[in-house]
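*Asks:* Provided herewith is a single structure, encoded as structure tokens, for subsequent inquiry.
The structure is reproduced here in structure tokens:
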């Protein structure tokens, strides 16, 4: 199930660019504006705080050359702005500004717009730029975030279940505890390594750029991830010392002292804060209330869904079924968690939506609606589990009552048998006792038993045996109620856990979607949430060689596919359409009518694809693009394709 949801997430992640959470509210100079003289700065204002990158601004002159720039900064110390200084002596014409920043909730956002000095150029230049995100990096990063959510729920929920529900057999819980800790540690480390490529929209191979990595460590998302790693190390130390502390203080198994409960609560809250400090809650309105709500929401989710997994493991893997007290305690914990989830979820939904109409009119609202439907199904499954828990408690109570009655009846029968045995012994010695009573040296006689009409002593009357309580017997074809409730509870909890995984998947998608409130705020100012970059030119070139692995195609993307600087990405595919790896890929461009070329693109291997960012095509016209694909040490093929380059 987990593998399936991860694959779904990979497909979702590669379907298109993720929506960011900061929207461009305005620009100075404005998009499409004409100013009389060259401005000293370009300033952007966003709907929330943003972090700046080394390459946050790229500005292109009317002749499509990149304008030299300094370091980006925040305007007037405001964290929701980005500003870059312009050099003096800029020519008249239309300039294109391409920008990329990181929103306060850790998601990168990019766009482009134009302004003109003096008067607009006859033909507006295109802004060559890398894609808003690299599909492989984005998919890996989203998968790591999803696994981190699952691992946090598993780790926190398992510890909460063991400490608060006190199952007698905790051995089966070691597996989810260790799995949750290692998964959260690994996913957090991967997210930290991929943070720089994710922010810059580059391939995973650029994660090994030391300068970019050290820059990440100074930003809020990087600090949050580093803090999470430190907290995980501290959590491991506490969990490893816990059994020895229990033995040293003589605590009974299954019991946790208030001091250690307090330590565990502090660690859980600190872990939850590493999410709240770098996602939705850290930006927008009512930040302190939102962060508190986010922490409570995450902890309630972990106690419910992680505890649910722990209960499921105990039900299936423990040597003996858990006592009804353990199941009842979890039922109360789950009810409290659901209450917290509903309250905090309503607040967070209001904060993100801004209006009821956004529930149907925005991507955030539609994703939220899906989450609400799946959560409702989860609540129905939880309600069924709660009913089965009450039924199990009733069945256990009834079974204990029947056992007590059987033990009491058995005691009465044993007492009656003892009396009957004593009476029989007296009857056997009666002649001897009578003879002894008539002699001079007769010993003290035993008390005589009352005689019946025929002269024989009577035995004490026997009490009638009460009837045994009715109920299923081993030969009864009907299943005992206790076993029936336990089996139904296992199935119900399993269904609940499966639906919970889907809820976590939708939650991960929701955190990668632009909140409707921010979208509406940006739309009110007349600025699109993300300005679109000029459309790229995409060409697919098939190739075929009569050797193993010698068939496939290469998809080549030129951005923007116009005169001037262009970025190129080339990806190889096998005949089935799956990503393929080739040892070498070369591209050259020739404009025969002007006797220009061939110009080598200078592609480099970027870890799964080939790319360059500085191909200069100086003139418009129909160019010949020649691709040379090497499929082995000695085999290669060259294919040509015409390519129209616009001014």
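Numbering (our numbering), first residue to last: 628 to 1274. C-beta atoms are modelled at their ideal positions from N, C-alpha and C, and glycine is treated no differently.
Looking only at C-alpha atoms, which of 1257, 1252, 1168, 1258 sits nearest to residue 1269?
*Replies:* Considering only alpha carbons, the answer is 1252.
*Asks:* Given residue 808, which residues of its chain have a CB within under 6 Å of its CB, disregarding the five upstream and five downstream residues?
*Replies:* Excluding residues within five positions, the ones whose Cβ falls inside 6 Å are 782.
*Asks:* To the nearest angstrom, how far is the alpha carbon of residue 788 from that of residue 913?
*Replies:* Whole-angstrom Cα-Cα distance: 32 Å.
*Asks:* Do residue 894 and residue 861 have their C-beta atoms closer together than 8 Å?
*Replies:* Yes, these two residues count as a Cβ contact at 8 Å.
*Asks:* Going by DSSP, what residue range makes up the alpha helix (DSSP H) through residue 772?
*Replies:* Here the alpha helix (DSSP H) through residue 772 covers 762-787.
*Asks:* By the three-class DSSP mapping on this structure, what secondary structure does residue 589 have?
*Replies:* The structure shown does not extend to residue 589, since the chain spans only 628 to 1274, so no value can be given for it.
*Asks:* Does the region 1195-1209 come close enough to the region 1232-1250 to have 3 or more Cβ pairs within less than 8 Å?
*Replies:* With the cut-off at 8 Å, the region 1195-1209 and the region 1232-1250 touch.
*Asks:* Short check: CB of residue 719 to CB of residue 677, under 8 Å?
*Replies:* Cβ atoms of residue 719 and residue 677: not closer than 8 Å.
*Asks:* Can you give the Cα-Cα distance for residue 1200 and residue 830, rounded to whole angstroms?
*Replies:* Roughly 17 Å between the two C-alpha positions.
*Asks:* Sort 667, 681, 684 by Cα distance to residue 713 and report the nearest one.
*Replies:* That would be 667, whose Cα lies nearest to the Cα of residue 713.
*Asks:* Using C-beta distances below 6 Å, list every residue in its chain close to residue 800, excluding the 5 sequence neighbours before and after it, in chain order.
*Replies:* Excluding residues within five positions, the ones whose Cβ falls inside 6 Å are 785, 789, 937.
*Asks:* Is the CB of residue 1183 under 8 Å away from at least one CB in chain D?
*Replies:* The chain labelled as chain D is not found in the depicted structure, where only one protein chain is given.
*Asks:* Using a Cβ-Cβ cut-off of 7 Å (strictly less than) and excluding sequence neighbours within five positions of residue 1088, which residues of its own chain qualify?
*Replies:* Summary for residue 1088: the model assigns pLDDT 48, below 50, so the residue's position carries little reliability, and this model does not support an answer.
*Asks:* Could you check whether residue 724 and residue 680 sit closer than 8 Å to each other, using their CB atoms as the reference points?
*Replies:* Cβ distance not < 8 Å, so residue 680 and residue 724 don't count as in contact.
*Asks:* What residue from 1214, 670, 901, 868 has the CA that sits closest to residue 1227's CA?
*Replies:* Selected option, being the one with the closest Cα: 1214.
*Asks:* Exposed or buried, which one is residue 962 when buried takes at least 16 other CB atoms within 10 Å?
*Replies:* Per the 10 Å Cβ criterion, exposed.
*Asks:* On a CA-only basis, which of 654, 1118, 934 is nearest residue 960? Give me that one, please.
*Replies:* It is 934.
*Asks:* Could you name the residues that DSSP lists as bridge partners for residue 1186?
*Replies:* 1194.
*Asks:* For residue 898, collect the residues of the same chain with a Cβ closer than 6 Å to its Cβ; drop the 5 residues on either side in sequence, then sort them by chain order.
*Replies:* So the qualifying residues of the chain are 858.
*Asks:* Going by C-alpha distance, which of 793, 1180, 836 is nearest residue 949?
*Replies:* The candidate whose alpha carbon is nearest that of residue 949 is 793.
*Asks:* Determine the DSSP secondary structure at residue 922, reduced to helix, strand or coil.
*Replies:* Three-state DSSP puts residue 922 in a helix.
*Asks:* Which same chain residues end up closer than 6 Å to residue 804 when comparing Cβ atoms and leaving out the 5 residues on each side of it in sequence?
*Replies:* Once the five neighbours on either side are set aside, the close Cβ partners of residue 804 are 785.
*Asks:* My understanding is that residue 1258 touches residue 1185, with C-beta atoms under 8 Å, so please give their C-beta distance in whole angstroms.
*Replies:* Not confirmed; about 23 Å, so no contact.
*Asks:* For residue 833, which residues of its own chain have a beta-carbon under 6 Å away from its beta-carbon, when the five flanking residues on both sides are left out?
*Replies:* Excluding positions up to five away in sequence, the list reads 824.
*Asks:* Is the beta carbon of residue 846 sitting closer than 8 Å to the one on residue 817?
*Replies:* Taking 8 Å as the Cβ cut-off, residue 846 and residue 817 do not qualify as a contacting pair.
*Asks:* Please state whether the Cβ-Cβ distance between residue 669 and residue 656 is less than 8 Å.
*Replies:* Yes.
*Asks:* Going by DSSP, which residues form a beta bridge with residue 738?
*Replies:* Answer is 726, bridged to residue 738.
*Asks:* Could you check whether residue 741 and residue 658 sit closer than 8 Å to each other, using their CB atoms as the reference points?
*Replies:* Contact: yes.
*Asks:* Pick from 828, 966, 992, 967: whose alpha carbon is nearest that of residue 978?
*Replies:* Taking only the C-alpha atoms, the option nearest residue 978 is 992.
*Asks:* Using 10 angstroms around the beta-carbon of residue 802, count the other beta-carbons present and answer buried if the total reaches 16, otherwise exposed.
*Replies:* Under this definition residue 802 is an exposed residue.
*Asks:* With a threshold of 16 other CB atoms inside 10 Å of the CB of residue 699, please say whether the residue is buried or exposed.
*Replies:* Residue 699 comes out buried.
*Asks:* Answer yes or no: do residue 1190 and residue 1245 have a C-beta to C-beta separation smaller than 8 Å?
*Replies:* A contact, by the Cβ cut-off of 8 Å.
*Asks:* Could you name the residues that DSSP lists as bridge partners for residue 964?
*Replies:* Partner(s): none; residue 964 has no beta bridge.
*Asks:* Compute the Euclidean distance between the alpha carbons of residue 691 and residue 1233, then round it to the nearest angstrom.
*Replies:* Using only the alpha carbons, I get a separation of about 26 Å.
*Asks:* Assuming residue 775 and residue 929 make a contact with CB atoms under 8 Å, what is their CB distance in whole Å?
*Replies:* With a Cβ gap of about 12 Å, residue 775 and residue 929 do not count as contacting.
*Asks:* Starting from residue 1248 and walking both ways along the beta strand (DSSP E), at which residues does that stretch end?
*Replies:* That run of the beta strand (DSSP E) goes 1248-1257.
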